[in-house]
Amino acid sequence: MLYRIAVVGDVRRKTQAYELAQALDADLVLDTQASGLTANGQRAWAAASMTNSDWTVVLEDDAIPCTDFHTRLAEALTSTPTDVVSLYCGTSYPLQAQDVYRLAITEADNAGANYFTLPNLWHTVGVAIRTPLVKQMLEHIDGLTLPLDEAITTWMLAEGRRAAYTHPSLVDHRDDHTVIQHPDGIERTMPEKHGGMPGNAEGTQEVRSNRLHHPHSRPHLLPKTPNHLAPIQGAQRPPQAPNSLLPP
Numbered sequence: 001m002l003y004r005i006a007v008v009g010d011v012r013r014k015t016q017a018y019e020l021a022q023a024l025d026a027d028l029v030l031d032t033q034a035s036g037l038t039a040n041g042q043r044a045w046a047a048a049s050m051t052n053s054d055w056t057v058v059l060e061d062d063a064i065p066c067t068d069f070h071t072r073l074a075e076a077l078t079s080t081p082t083d084v085v086s087l088y089c090g091t092s093y094p095l096q097a098q099d100v101y102r103l104a105i106t107e108a109d110n111a112g113a114n115y116f117t118l119p120n121l122w123h124t125v126g127v128a129i130r131t132p133l134v135k136q137m138l139e140h141i142d143g144l145t146l147p148l149d150e151a152i153t154t155w156m157l158a159e160g161r162r163a164a165y166t167h168p169s170l171v172d173h174r175d176d177h178t179v180i181q182h183p184d185g186i187e188r189t190m191p192e193k194h195g196g197m198p199g200n201a202e203g204t205q206e207v208r209s210n211r212l213h214h215p216h217s218r219p220h221l222l223p224k225t226p227n228h229l230a231p232i233q234g235a236q237r238p239p240q241a242p243n244s245l246l247p248p
């Protein structure tokens, strides 16, 4: 199973973005002309998906990966029941998602589940999509004037897809001052932590990593969930990478 990571960087946080990309051996797509998170995010998805990977992963530059991020990410992507995986669940924002989050987290805790599924993507702090579907997603959202998470959600709803939220989150979100205007008009002043975390288009500067990530050890499979947290119908695990893609 192969995955490729890209970091969406704002020029005002250039150093932070470079450091995150370097730490994860990821591509960096840096917005140098203030085109905005949605447009730059689309470029990042397009750039990172131009490989033979099974999964494409895009992180915002203010994401904080958990300890052993690559190992835990490989476990999650191997075991997920869905084609879209959210690596983050913010328990302060957006406000309209909090009741849904609380119920889902409580059910996952009670079930001992390592994920819960929702029909909406409520952020783009850290998201993974199966690579063969990225082109379709980008074509669907092209021309939409929605924030990126809402745009991707329109594609999910149109295709009948759900997002599996890793539980606990695999990335956290820095509580620094935001560089974007949120559509709800609410300034993000409360911590957005999810407790229990374990760690070249026009106007874009792109730094490419040559690495396709391939876990060497057999991933630990996540436990099965009860019916109310069950995988969506027809979901499949990603195929195992052929030996020719593994390092010598």
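For the sequence shown, position 139 matches number 139 in UniProt numbering, and the numbering has no gaps at all. The beta-carbon is built from N, C-alpha and C at its ideal position, and this holds for glycine as well.
Looking at the C-beta of residue i, does it have a partner C-beta in chain C at a distance below 8 Å?
{"i": "residue 161", "result": "The chain labelled as chain C is not found in the depicted structure, where only one protein chain is given."}
Give the DSSP bridge partners of residue i, in chain order.
{"i": "residue 64", "result": "172"}
{"i": "residue 258", "result": "A question about residue 258 goes unanswered here, because the residues of the chain that appear run from 1 up to 248."}
{"i": "residue 118", "result": "163"}
With burial defined as no fewer than 16 other Cβ atoms inside 10 Å of the residue's Cβ, what is the status of residue i: buried or exposed?
{"i": "residue 61", "result": "buried"}
{"i": "residue 52", "result": "exposed"}
{"i": "residue 81", "result": "buried"}
{"i": "residue 160", "result": "exposed"}
{"i": "residue 21", "result": "buried"}
{"i": "residue 181", "result": "Low local confidence applies: a pLDDT of 45 at residue 181 is under 50, so the model's placement there is unreliable, and no value is given."}
{"i": "residue 158", "result": "exposed"}
{"i": "residue 145", "result": "exposed"}
{"i": "residue 119", "result": "exposed"}
{"i": "residue 10", "result": "buried"}
{"i": "residue 121", "result": "buried"}
{"i": "residue 54", "result": "buried"}
{"i": "residue 13", "result": "buried"}
{"i": "residue 99", "result": "exposed"}
With DSSP collapsed to three states, give me the class of residue i.
{"i": "residue 10", "result": "strand"}
{"i": "residue 2", "result": "coil"}
{"i": "residue 166", "result": "strand"}
{"i": "residue 113", "result": "coil"}
{"i": "residue 128", "result": "strand"}
{"i": "residue 142", "result": "coil"}
{"i": "residue 31", "result": "strand"}
{"i": "residue 56", "result": "strand"}
{"i": "residue 86", "result": "strand"}
{"i": "residue 36", "result": "coil"}
{"i": "residue 227", "result": "Low confidence applies here, because residue 227 scores a pLDDT of 28, under 50, leaving its location unreliable and the question unanswered by this model."}
{"i": "residue 70", "result": "helix"}
{"i": "residue 50", "result": "coil"}
{"i": "residue 80", "result": "coil"}
Check this for me: beta carbons of residue i and residue j, under 8 Å apart or not?
{"i": "residue 173", "j": "residue 90", "result": "yes"}
{"i": "residue 34", "j": "residue 5", "result": "no"}
{"i": "residue 8", "j": "residue 84", "result": "no"}
{"i": "residue 69", "j": "residue 28", "result": "no"}
{"i": "residue 78", "j": "residue 156", "result": "no"}
{"i": "residue 171", "j": "residue 37", "result": "no"}
{"i": "residue 134", "j": "residue 56", "result": "yes"}
{"i": "residue 162", "j": "residue 117", "result": "yes"}
{"i": "residue 164", "j": "residue 101", "result": "no"}
{"i": "residue 17", "j": "residue 30", "result": "yes"}
Q) Should the stretch 137 to 144 be called in touch with the stretch 95 to 115, which here means at least 3 C-beta pairs below 8 Å? A) no
(Q) Within 8 Å, do at least three Cβ pairs link the stretch 145 to 156 to the stretch 35 to 53? (A) yes
Q) Taking contact to mean at least 3 C-beta pairs separated by less than 8 Å, is the stretch 126 to 136 in contact with the stretch 57 to 74? A) yes
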